[in-house]
Amino acid sequence: EIIKVEAPDGDLARQLGANPSWNEQRMGISFLAQNAGKRSISLNLKSEAGKQIFLELVKSSDALIENFRPGVMDRLGLGFEVCKATKDPIVYCAISGFGQQGPLKDNPAYDQIIQGMSGVMDITGSDNTPPYRVGYPIADTVGGLTAALAVSAALHQKTSQYIDVSMLESVLTTMGWAVSNLLMHQVEPTRVGNENMTSAPSGTFQTRDGLINIAANQDRQWEQLVAVLHAPALKEDIRYQSREHRKANRHALKADLEAILSRRSTDEWMTVFQAANIPAGPVLSVREALELEQIQMRGFTQKIQQDHPSGTIDVVTNGFLLNGERLKAESPVETLGESTASILGELGYDSQRIDSLKNEGVIG
0 EIIKVEAPDG DLARQLGANP SWNEQRMGIS FLAQNAGKRS ISLNLKSEAG
50 KQIFLELVKS SDALIENFRP GVMDRLGLGF EVCKATKDPI VYCAISGFGQ
100 QGPLKDNPAY DQIIQGMSGV MDITGSDNTP PYRVGYPIAD TVGGLTAALA
150 VSAALHQKTS QYIDVSMLES VLTTMGWAVS NLLMHQVEPT RVGNENMTSA
200 PSGTFQTRDG LINIAANQDR QWEQLVAVLH APALKEDIRY QSREHRKANR
250 HALKADLEAI LSRRSTDEWM TVFQAANIPA GPVLSVREAL ELEQIQMRGF
300 TQKIQQDHPS GTIDVVTNGF LLNGERLKAE SPVETLGEST ASILGELGYD
350 SQRIDSLKNE GVIG
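Heads up: the sequence shown runs through residues 0 to 363, numbered per this note's numbering.
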């Protein structure tokens, strides 16, 4: 069971999304997409009664995740030591932009800020463009995944654990050769557009009607590629004799390949490459990706019936199966504080006390 504790005015995500009327009802698409299967309690943590209720929730919890700036929960009297004294063992996970220590710890951070400060923007784009933001909130996503992994590891320990997740560090951890080449060999990463600096041909190529990604990273894949392209001259070209030669001459290689690829459509080339086991894939829109037979067959999305005007919504599930089964949310997304009364009832509060707490502004 997951209980989402929200302030009386609700999570900001409730007001975000492409449908303005849903935003006004505090059921924005950004919130709907992430919160199926969670119970919502609206609680004023600045009130003494609100803090007491929160600690009562801690007593029956295995893990607690918070996303305040460092020090906020301690100032509220709800930090790790207090929670540990209330429930031991407890896994306490604090997610922040920069971590709980250091000169930047008190700085506010959103995905946009972390993308810029991590170097992600600096390596995204081409050599003739400014730095670009990645087109989805990668820092928010990676930070959340890091927290989930850390909580899973901590729960396995079966002792109280304090987890300090830095969004900045989480993103840097995922940047692969862009970071490791610099750390180990002082090679600065640069913006290379859709090219893969570790190999060639490995990037995006123009076909007759669109774009295709090809990753012939290994020599045998390169040999197979020139074979199916019926391009023996490329195989014999001294500029392309080895992986390092192809990397050094990647721009000329791209031009030579596109001269051939432009003769057929992306779909036609995909048929050729799949038959030859050459790593390749079309460049799709988000809609096209979601409509792939591969995605549909594996049951990646889930329909959820909502009581509010959105009605039935489609949400993504996750990227894995367990024993062939897809984990899915077992309940719809709740309105702000929808489970407040029922949760308080489970904690022993009667209806008169619940009404009193509402009148006092402790609960929403």
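For glycine and all other residues, C-beta sits at the position ideal for the given N, C-alpha and C. This one's a predicted model, so the numbers in the text were calculated from it and none came from an experiment.
Mapping the DSSP letters down to three states, classify residue i as helix, strand or coil.
| i | result |
| --- | --- |
| Val133 | coil |
| Leu333 | Going by the sequence as given, residue 333 is Glu instead of Leu. Glu333: coil per DSSP, three-state reduction. |
| Tyr348 | coil |
| Leu321 | strand |
| Ser20 | helix |
| Leu167 | helix |
| Val119 | coil |
| Pro231 | helix |
| Val90 | strand |
| Leu326 | coil |
| Ile277 | coil |
| Gln185 | coil |
| Leu148 | helix |
| Tyr239 | helix |
| Asn106 | coil |
| Asn309 | For the sequence presented, residue 309 should be read as Ser rather than Asn. Coil. |
| Glu194 | coil |
| Ser338 | coil |
| Gly10 | Per the sequence presented here, residue 10 reads as Asp, with Gly not at that position. Here Asp10 sits in coil by DSSP. |
| Phe272 | helix |
| Arg219 | helix |
| Gly96 | coil |
| Gly175 | coil |
| Leu75 | coil |
| Leu15 | coil |
| Arg245 | helix |
| Ser355 | helix |
| Gly143 | helix |
| Val225 | helix |
Going by DSSP, which residues form a beta bridge with residue i?
| i | result |
| --- | --- |
| Arg38 | Ile2 |
| Thr300 | Val315 |
| Tyr161 | Tyr91 |
| Ile362 | Leu42 |
For residue i, which residues of its own chain have a beta-carbon under 7 Å away from its beta-carbon, when the five flanking residues on both sides are left out?
| i | result |
| --- | --- |
| Leu167 | Gly96, Phe97, Ile113, Met116 and Ser117 |
| Thr206 | Leu260, Ser261, Arg263, Ser264, Thr265 and Trp268 |
| Asn106 | Gly96 and Phe97 |
| Leu154 | Asp61, Ala62 and Val90 |
| Arg13 | Arg25, Met26, Gly27, Phe30 and Leu335 |
| Gln304 | Thr311 and Pro331 |
| Leu252 | Ala199, Pro200, Tyr239 and Arg245 |
| Ala149 | Cys92, Ile162 and Val164 |
| Met120 | Gln114, Pro130, Tyr131 and Arg132 |
| Gln111 | Arg132 |
| Gly16 | Asn22, Gly27, Ile28 and Ser29 |
| Ala230 | Ile259 |
What residues in its chain sit with their C-beta under 6 Å from that of residue i, if we drop five residues either side in the sequence?
| i | result |
| --- | --- |
| Val271 | Val227 |
| Val4 | Ile40 and Leu42 |
| Ala32 | Val314 |
| Gln100 | none |
| Asn276 | none |
| Glu257 | Phe204 and Gln205 |
What is the residue span of the alpha helix (DSSP H) that residue i lies within?
| i | result |
| --- | --- |
| Glu65 | Run containing Glu65: none in the alpha helix (DSSP H); it sits in the beta strand (DSSP E), Ala62 to Glu65. |
| Ala214 | From DSSP, Ala214 is part of no alpha helix (DSSP H) but of the beta strand (DSSP E) over Leu210 to Ala214. |
| Gln51 | Glu47 to Lys58 |
| His250 | Arg249 to Leu260 |
| Arg68 | Premise fails: Arg68 is in no alpha helix (DSSP H) and is neither H nor E. |
| Phe79 | Phe79 to Thr85 |
| Phe30 | Ile28 to Leu31 |
| Leu289 | Val285 to Leu289 |
Considering just the uninterrupted stretch of the beta strand (DSSP E) at residue i, what are its terminal residues?
| i | result |
| --- | --- |
| Asn127 | First-last for Asn127: undefined, no H or E at that position. |
| Ser201 | Ser201 to Gln205 |
Is residue i close to chain D? Criterion is C-beta to C-beta, closer than 8 Å.
| i | result |
| --- | --- |
| Val332 | Judged by its chain identifiers, the structure shown contains no chain D, having just a single protein chain. |
Between residue i and the rest of its own chain, which residues show a CB-CB distance below 8 Å, the 5 nearest in sequence each way excluded?
| i | result |
| --- | --- |
| Asn317 | Arg325 and Leu326 |
| Ala146 | Ile64, Cys92, Ile94, Ile162 and Val164 |
| Gln223 | Ala215, Ala275, Asn276 and Ile277 |
| Trp176 | Pro188, Met196 and Thr197 |
Hey, would you say the C-beta of residue i is under 7 Å away from at least one heavy atom of the ligand HEM?
| i | result |
| --- | --- |
| Met120 | As presented, the structure is devoid of all ligands, the ligand HEM included, so that no description of it is given. |
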